[in-house]
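The structure under discussion appears below in the form of structure tokens.
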């Protein structure tokens, strides 16, 4: 019997008298604990949501700043390219005018040489 009592103590479930008020108090405590847990979860969720909104706004700001910077750089490059084009165009026009002037000078010189050597060919042609 002593062996039985020793082994049975481990498997014994103690049933006692628990008052209805104690059960209600425990249920109330569990409900309040559950409500506190839900409130905490709700606050954490709201904090995470606010953090995501802040991060999103920050990222939008960074992207906007980057886009503005790139647009400004692009505008500067376009202006530089347009200035280079104008400079090149002016250089080409200057070179053309110079070449045209040299050609006109060469034509006048050759014409004078021809007139000196052969006379005025238009007059000579009309005479024959």
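In my numbering, the protein residues as written are 58 to 185. Where is the CB? At the ideal position from N, CA and C, for every residue including glycine.
Using a C-beta cutoff of 7 Å, does residue i count as contacting chain B?
i	result
residue 123	The chain inventory of the structure shown lacks chain B, comprising one protein chain alone.
In whole angstroms, give me the CA-to-CA distance for residue i and residue j.
i	j	result
residue 142	residue 114	41 Å
residue 130	residue 168	56 Å
residue 145	residue 152	10 Å
residue 61	residue 93	46 Å
residue 96	residue 105	14 Å
residue 78	residue 112	50 Å
residue 83	residue 100	25 Å
residue 174	residue 147	40 Å
residue 64	residue 75	26 Å
residue 136	residue 103	49 Å
residue 140	residue 170	45 Å
residue 110	residue 119	14 Å
residue 172	residue 165	10 Å
residue 161	residue 176	20 Å
residue 80	residue 88	12 Å
What residues in its chain sit with their C-beta under 7 Å from that of residue i, if we drop five residues either side in the sequence?
i	result
residue 116	none
With respect to the alpha helix (DSSP H) encompassing residue i, which residues constitute its N-terminal and C-terminal limits?
i	result
residue 118	77 to 175
Starting from the C-beta of residue i, find all residues in its chain whose C-beta is less than 6 Å away, skip the five residues before and the five after it, and write them out in chain order.
i	result
residue 123	none
Answer yes or no: the CB of residue i versus the heavy atoms of the ligand ATP, is any distance below 6 Å?
i	result
residue 85	The model on display carries no ligand, and the ligand ATP is accordingly not part of it.
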